[in-house]
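Have a look at the structure below, then the notes.
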Amino acid sequence: MFIPCVSWFRLTSMLDPKLLRESPERVRAAIAKKHLDVDVDAVLALDTAWRAQIQEVEHLRSLQKAANTEMVALKKGSPEFIAKVAEMKAVSARAKEKESELTLAEAALRQAMLTLPNLPHASVPEGRLPEENQVYSTHGDVASVSAAARPHWEISGFERLFDFGRGAKVTGAGFPFYVGDGAKLMRALLQFFLEEAGKAGYLEVAPPIFVNAASATATGQLPDKEGQMYETVHDHLYAVPTAEVPLTNFFRDEILPEEVLPVYRCAYTPCFRREAGSYGKDVRGLNRLHQFDKVELLKWVHPDTSYDELDKLRNDAENLLRKLELPYRVLLMCGGDLGFAQAKKFDLEVWGGGQKRWLEVSSCSNFESFQARRAQIRYRSKESGKPELVHTLNGSGLAVPRVIAALLENNLQPDGRVKLPSALVPYFGREFLSFD
RNA sequence: GGAGAGGUGGCAGAGUGGUCUAAUGCGCACGCUUGGAAAGCGUGUGUAGGGCAACCUACCGAGGGUUCGAAUCCCUCCCUCUCCGCCA
C-alpha cells in the first residue's frame, strides 16, 4: 500500500481516548451492540504502555534542552564543554532508542484504536442481521404497482437506453452507456435532485472526483476499504466512491466559527466502486454498478443539534421520493447492520415493482464526532473559546440508477413507454420515456 | 514536462547551528484613560499530547538524515509563484 504523507499520529483516535480510559464499559457495550469482536482490554493495555513511554521520552528531551541552555554559557572547546558533549551523547543515544520504541508503541496503539467502532445511539435497535432492521415507516402503495411488472432489465428495448454490452466492451462489466432517453433521464434526475437540495438549503459544490490518500483516510475508506476503490497507478489518487469523501474533507484540519454552523452542502459526482465480492441477483441491470451517479447531502453541525439534523436530513431525502411518487420505506438500522463509523443510520428503500424487491437509494447517517475527530474538523465554542469537534451527517439525495430502475419497473405503460412523475417532466421535457 | 524563486503563528514579516520559550508590526480581546468614542498606554492573544496542580513535551509545508543541540545544514516528497514548453 502507498504510504501517504499525513500525520498518522493524530489519526490514532477515532473514538475519544479519554472515553476509553474513563468509561471502557461504554465502549464494550457499544461493541456488543454492533456485534463486533474487539479486545478492549488489549487496547487499554497498549494505551497504558504508550503513556509510560511518552513520559520517559519527554523527560529525556527536557534533559537535552536543559543541557543546551547550560552549554550556551560555556566556552566552546573548553574542558567543561567537551565533558558536557560526552555526557549528552549518552543521553542522546538513549533518547533515540526510546523514541524509536515510542514510535512502535504509537503504531500499535493506533492500530488498536482503529478497531474501536463509534458508539451507537440509544435509539438504535438491538439486532445482528439485516432482517432485524426496524421498518421505521412505509410510504405509497406497493400493491398499486402492476402484478405484471417486469424487472427493468427484461423490459423490451432496455439495452438500447442502457447499453451494458458496449459498456463491457469499452470498459468492463458494470459500466453501462446511457443512451438517448436513458442519458436524458439520468441528467433530468440529477438536475431535479440538485435543484431540490438547493431549495432545502444545501449549497451546491462540484468537488474533485479523485482524492488523495489523506482524504480517503480521514473519511474511513483507508485503510480498511482500500480494495473497494479504484486507484491511479502513477499518482496514487483514488476515484471517489461517493461525494462524501471530497465534501467531508473540504473542512479537514480547520476550525470553523461557531456561528457558521450548521453548514449544509450538496454535491453531484459519479461514484466509482470496485464492488469486490459482490455476486448473485443483486448485480442484475442497474442494481449494482461500478460507476453510478449520485447527489450527496452533507452537514456539519453543532453537537447539540445533530439528531434533529438527522431527522431533517432524512426528510430531505424522503421528499425526493415523495415527489417522484415512488413507494418507499424507511429502515432504522439495527446495531449489527449499522456500520462501523455510524452512530445512527436510516436507509431509504424504493420499491422495485418488477423485481418485487426493495432497492436502497439513500443512507442517512449521523457520525457524531467520529469522522470529525479523524478529519480534525472543529468549531470554536463561543462558550468556552476552545475548539470542539463538530458532528457530521450525510445522506444520499439520491443515487440515480436504482431510482431509474424503480421508475422503469413501476411506471411501465401497456404501450411499452414509461410515464414519468409530474415533478420530473420539467426536467425531462416530456411526459413519457420511450425505448424506441 | 523544463528552469528559477519561495513555503515561519489569524495576517504581514524578521530569523541561516545554541536562552527561538520565534523579534517586530497589524488584527483581535480585556483593562486604564474619556461625558462617550478615537488616539494613546498597559495586559493578554495558536494547536495537540502527558501530568490533570505547578509544570513538561511536540509542532516554523511533510517525511527522513547529520549533530551534544536544527526554523536554520543535507536528502526525498508536496504545494505556491514567475518564465518556457505542451494542451483541452
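Our numbering numbers the first residue of the first sequence as 31 and each following residue consecutively. Built from N, CA and C at the ideal position, the CB exists for glycine as well.
Cβ shell of residue i (< 7 Å), same chain only, five flanking positions each side left out
| i | result |
| --- | --- |
| Gln443 | Lys449 |
| Val275 | Val241, Ser245, Ala246, Thr249, Gln251 |
| Arg303 | Gln258, Pro271, His320 |
| Ile84 | Leu132 |
| Pro160 | Asp367 |
| Val209 | Arg190, Leu191, Asp193 |
Where residue i sits in the DSSP three-state scheme
| i | result |
| --- | --- |
| Gln443 | coil |
| Asp283 | coil |
| Leu351 | helix |
| Leu191 | helix |
| Val331 | strand |
| Ser452 | coil |
| Ala429 | strand |
| Ile473 | One cannot answer for residue 473 here, as it falls past the ends of the chain, which runs 31 to 466. |
| Val200 | helix |
| Ile239 | coil |
| Asp377 | strand |
| Asn424 | strand |
| Ser153 | coil |
| Lys419 | It should be pointed out that residue 419 corresponds to Leu in this sequence rather than to Lys. Here Leu419 sits in strand by DSSP. |
| Thr249 | coil |
| Thr278 | helix |
Span separating the alpha-carbon of residue i from that of residue j
| i | j | result |
| --- | --- | --- |
| Arg217 | Gln372 | 31 Å |
| Asp346 | Glu284 | 27 Å |
| Ser392 | Gln258 | 19 Å |
| Gly187 | Glu439 | 13 Å |
| Ala79 | Ala135 | 7 Å |
| Glu184 | Ser426 | 27 Å |
| Val175 | Gly384 | 8 Å |
| Gly228 | Lys128 | 55 Å |
| His266 | Glu390 | 31 Å |
| Ser122 | Leu90 | 8 Å |
| Ser414 | Lys324 | 39 Å |
| Pro109 | Met118 | 14 Å |
| Leu93 | Ala72 | 32 Å |
| Leu215 | Ser130 | 58 Å |
| Gly315 | Leu327 | 26 Å |
| Phe376 | Glu461 | 32 Å |
| Glu156 | Phe370 | 15 Å |
| Ala436 | Arg387 | 10 Å |
| Met31 | His264 | Its pLDDT being 28, under 50, Met31 is placed unreliably in this model, and the coordinates cannot settle the point. |
| Val235 | Arg124 | 52 Å |
| Pro206 | Gly446 | 22 Å |
| Glu289 | Thr262 | 39 Å |
| Ser53 | Leu76 | 16 Å |
| Ile112 | Glu88 | 25 Å |
| Gly382 | Leu463 | 18 Å |
Supposed contact pair residue j and residue i - C-beta distance, whole angstroms, cut 8 Å
| i | j | result |
| --- | --- | --- |
| Leu368 | Lys64 | 6 Å |
| Val433 | Val380 | 7 Å |
| Leu351 | Leu378 | 7 Å |
| Asn148 | Leu45 | 7 Å |
| Cys394 | Arg344 | 5 Å |
| His169 | Pro431 | Going by Cβ atoms, the distance from His169 to Pro431 rounds to 21 Å, so no, they are not a contact pair. |
| Tyr298 | Leu361 | Actually they are not in contact, since the Cβ atoms of Tyr298 and Leu361 sit about 25 Å apart, beyond 8 Å. |
| Val165 | Arg359 | 6 Å |
Proximity winner among the options, relative to residue i (alpha-carbon distances)
| i | options | result |
| --- | --- | --- |
| Ala203 | Ala227, Arg318, Thr262 | Arg318 |
| Ser399 | Glu390, Trp388, Arg387, Lys374 | Lys374 |
| Val270 | Ile239, Lys329, Tyr166 | Ile239 |
| Leu74 | Glu100, His89, Gln141, Ser92 | Gln141 |
| Phe222 | Ala177, Glu161, Ala429 | Ala429 |
| Thr145 | Leu454, Ile61, Lys329 | Ile61 |
| Thr99 | Pro109, Lys114, Glu88, Glu86 | Lys114 |
| Pro333 | Cys364, Ala137, Leu291 | Leu291 |
| Tyr337 | Ala306, Ser167, Glu234, Asn396 | Asn396 |
| Lys353 | Thr335, Lys412, Lys342, Ser452 | Ser452 |
| Phe322 | Ala213, Ala152, Ala173, Lys255 | Ala213 |
| Glu305 | Lys342, Leu277, Glu256 | Glu256 |
Other residues of its chain near residue i: CB distance less than 6 Å, five sequence neighbours each side excluded
| i | result |
| --- | --- |
| Ile407 | Phe281, Val420 |
| Ala402 | Leu419, Val420, Thr422 |
| Asp466 | none |
| Leu233 | Arg295 |
| Arg158 | His65, Gly366 |
| Gln197 | Before going on, a small fix: residue 197 reads as Gly here, not Gln. So the qualifying residues of the chain are Phe205, Pro206, Phe207. |
| Val36 | Residue confidence is low: Val36 scores 35 on pLDDT, short of 50, so the model does not pin down where it sits. No coordinate-derived value is stated. |
| Val455 | Glu461 |
| Arg180 | Gly384 |
8 Å CB neighbourhood of residue i in its chain, flanking five on each side removed
| i | result |
| --- | --- |
| Arg56 | Leu49, Leu149 |
| Leu286 | Val293, Trp330, Ile407, Arg408, Tyr409, Arg410, Val420 |
| Asp312 | Arg318 |
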